[in-house]
Amino acid sequence: MQSSEVNVCAESQPLLGLRGVQDDASCTDSDKIACVTPPAILKGVKEDKSPVVHRLQKRQMSLGDTRQKVPAPVSRSISGKYLRTDKTIVDTTTHIESVKVAASKFGGSINWKARRTQPAQETGHLVLELDKLKNKISECKRQAEAVEAAKLSVFNELERTRKLIEELKHVLERQQAEEVDAKEDLEFFKFILEEMEGVASDDSAVVNEKLKIIRERHEALVSRLMLVKDESRKVQEDYDSLLIERDISIRKAQEAFTVSKEAERQVEDLTVELKQLKGVLDLAQTSCHDAEERKKGASMVQDEDCFTWEKDLRQAEEELNQFHKKLSSFEELKSNLDTSSSLLLNLKNELASCVEANQIEEARKQEKSMQEDDILLRNELEERRRSIAEMRDELCALKVTAAALKSEMDKGKAVLATMQQKEAMASITVSSLKLEIKLSQQELEAVQAKEKECRDRMVEFPKILQDDAKEADKAKFVAAKAQEELRKTKEEVEQAKAALSTTEFRLQAVLREIEAAKESERLTLNALTASEDAKVAVNIQQHGSTQMITLDLDKYTSLIDKSHRAEELMHERTAAAIAQLEVAKESELRTLSKLNEIMKALEERKQTLLATREQADRAIEGKLAMEQELRRWREENGKWRKACEARKSGARPSIAAEIVLVGRSGDAKCTNKEDSCASVHPLSDVSGRSSPNDLALLAKTKKAKKLPFFPQIIMFLGRRRLKAVK
0 MQSSEVNVCA ESQPLLGLRG VQDDASCTDS DKIACVTPPA ILKGVKEDKS PVVHRLQKRQ
60 MSLGDTRQKV PAPVSRSISG KYLRTDKTIV DTTTHIESVK VAASKFGGSI NWKARRTQPA
120 QETGHLVLEL DKLKNKISEC KRQAEAVEAA KLSVFNELER TRKLIEELKH VLERQQAEEV
180 DAKEDLEFFK FILEEMEGVA SDDSAVVNEK LKIIRERHEA LVSRLMLVKD ESRKVQEDYD
240 SLLIERDISI RKAQEAFTVS KEAERQVEDL TVELKQLKGV LDLAQTSCHD AEERKKGASM
300 VQDEDCFTWE KDLRQAEEEL NQFHKKLSSF EELKSNLDTS SSLLLNLKNE LASCVEANQI
360 EEARKQEKSM QEDDILLRNE LEERRRSIAE MRDELCALKV TAAALKSEMD KGKAVLATMQ
420 QKEAMASITV SSLKLEIKLS QQELEAVQAK EKECRDRMVE FPKILQDDAK EADKAKFVAA
480 KAQEELRKTK EEVEQAKAAL STTEFRLQAV LREIEAAKES ERLTLNALTA SEDAKVAVNI
540 QQHGSTQMIT LDLDKYTSLI DKSHRAEELM HERTAAAIAQ LEVAKESELR TLSKLNEIMK
600 ALEERKQTLL ATREQADRAI EGKLAMEQEL RRWREENGKW RKACEARKSG ARPSIAAEIV
660 LVGRSGDAKC TNKEDSCASV HPLSDVSGRS SPNDLALLAK TKKAKKLPFF PQIIMFLGRR
720 RLKAVK
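When we follow numbering that gives the first Met the number 0, the leftmost residue of the sequence shown carries the number 0, and every step to the right adds one.
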């Protein structure tokens, strides 16, 4: 090669800054790097020229002429462009300030805000779940209190029914005693009739009148006795119905007691679950804090690794540029050697011609100087061969490191395959969760249909109460199932989190392998720097001696091929490391998206649970409203009974006084009619004002008001006995 300029293509980046370049070596900012021979070598060549060479300047090719062809070195201005200066290039680019800039520079995209807010969102969801559980516990306590109140009301009603039954027993005993007295009075009347028939016929008209009166009264008494028997029979029927009602109320009280016990058990279970959830929340918070710290540490380590990787890449590129420059200098030296050899041949021919003309001594001196130059050139060639052997050894070491890196890459691929299998398992679990959510939705729809049927059946109170109780139990069972499903989903989420942690650990292992690869690269770079130092020492030795060297074309081509292979290996390693990082980032994003989907499914399940619990609460409220209406109805019936009893107690003395007056005056029929009219009108008014449900009670009160006539008749008969005795 006769030119002193060799252009080597740099495949890494178009803009590179060189550091630590010796003397006045320069580098342009284009895709090609132009390497120039340093001026110190040129000065040495000019000083070592002999006077014979000065005579033949037209035939020679000065190394200084090649310097003019090379462009001036480049430097950067403030605006970021390269400017040409006389010496080295100074790289004034700004350093990477943050990890986000580095990630965006190398093509990475990470949602930093979502990573920061994820633990906060998880803790917020857990706090909301705790609040909901507290609200449920308070609602269960209220339900238990309502059940206890219902139980107390049922016990009070039982006591009232017992009191009524005892009163009815006393009334029956009184009626039985009155029946016995009536039988005795009938026997007495028969005896009186027989005596009246046995009386003389003198007072036949008076006797007949008295007999008629006695017969009429006897018939009235018989009719009264029949009425009393009918009323006693009806009272017995009422007594039987009251016994049946008592049994029903006892059953209801037992059911309410069992419901209250179940509610207490549910409250206890919910308190235990609350405690467990509190413990889980504490563990989750601690795990979230630990995960945040780990993520922060991992992000810091990743940032540091990226920064170190960038530095290493820059250093490797700079070293490659220096290597290319030195190769170009070798080529230039080879071209210079070729030119110098041609010049030597010319000089020998000229010397042969000059020796014949000039003196023999000058020829000998020139030959000695030429021999010395040849010896120096041979020494330099031997040193170059040694450096080439060292480069071969270094290339062998680089091949060994490349094989180690390939094995590490195979291991990383196996780890990635396992990661993909685990991601497939996570997708299967997500599909199962979706199926469970669909089943829970179907159950909710069934519950809603049942609630609609319950609303349609609100007319029949007792049946609806029983149906509502059953449906409430079913809703509670469904809620318990939903809680179990929630617990299962939480366990699955924890498993997914554990899988995430394992993936993170595997990512850390891959990063460690990448760091080991980096260390091997550093070792290779150190070996390259050592070889370059040896080359620099050879160059320094050349400055003191001649600058001409000869290399074989095969050796030169082998060196260039080895350098290209080393560059390709470096680029392949960097590309593989970047690809591994991208795959790891994609797997992380997939796992995060799956976790978000699982959390959404959990929230939907919670909403369905809340809807079912609200429906169950509505059913319980309807049941309580029905029970309250029944209590009001019973209280109104009790009030009517008390009012009737008060009217009975107020009517007895007035009726007795009227009967006494009738016995004295003889106008009993009119008074009886007036009493019957007076007793009928208020009841008719009350029946007109009352509801149809209270008509049976009013009829009972009418029949009970007729009872005081019987003791009045007994009093009348007792008075007649006294008169007869007198």
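Think of the CB as a built atom: it goes at the ideal place given N, C-alpha and C, for glycine as much as any other residue.
Between S137 and the set V266, K233, K410 and G637, the nearest pair of CA atoms involves V266. In this structure the region 590–606 does not touch the region 321–331; the number of beta carbon pairs closer than 8 Å is below three. Here the C-alpha atom of A578 lies approximately 30 Å from the C-alpha atom of M390.
Between Y238 and L132, the C-beta gap is not smaller than 7 Å, which leaves the two residues out of contact.
Residue environment: V146 is assigned as buried (16 or more neighbouring CB atoms within 10 Å of its CB, all protein chains considered). Residue burial is scored here from C-beta neighbours: R612 has at least 16 other C-beta atoms within 10 angstroms and is therefore classed as buried. If you check the CB distance, A149 and E620 do not come in under 7 Å. By the 16-neighbour rule on beta-carbons within 10 angstroms, E158 is exposed.
Linking Q235 to L242 through their CA atoms gives a straight-line distance of about 10 Å. With distances taken between CA atoms, L151 lies nearest to K251 out of K251, E316 and T338. The closest CA to that of D184, considering only N155, F154, L171 and R216, is found on R216.
Comparing alpha carbon positions, the residue from V414, Q614 and Q142 closest to A445 is Q614. Comparing alpha carbon positions, the residue from E379, E128 and T285 closest to L276 is E128. Distance from the Cα of E291 is smallest, within the candidate group T122, R232, E491 and A574, for T122. Contact annotation, R572 with L404: C-beta distance approximately 6 Å; criterion of less than 8 Å satisfied. Straight through space, the alpha carbons of E602 and G637 are spaced by roughly 52 Å. In this structure Q142 is not in contact with S231, their Cβ atoms being roughly 46 Å apart against a cut-off of 8 Å. Separation of A283 and E493 (C-alpha to C-alpha, rounded to the nearest whole angstrom) is 10 Å.
Looking from the CA of E490, the closest CA among V279, L226, L438 and H323 belongs to V279. Classified as exposed, N155 has fewer than 16 neighbouring CB atoms from the shown chains inside 10 Å of its CB.
In this structure, the CA atom of A255 is about 10 Å from the CA atom of S248. When rounded, the separation of the alpha-carbon atoms in K398 and T501 is 33 Å.
In this structure, the straight-line span from the alpha carbon of V153 to that of I212 is close to 55 Å. Ranked by Cα distance from K469, the options A618, A176, L375 and A204 are led by A618. With respect to the 7 Å criterion, A181 and L224 are classified as neighbours on the basis of their beta carbons. Between the alpha carbons of E518 and T607 lies a distance of about 56 Å. With a beta-carbon spacing of about 7 Å, A508 and V414 fall inside the 8 Å limit used to define contacts. For I164, the closest alpha carbon among the candidates S240, L609, E144 and D130 is that of S240.
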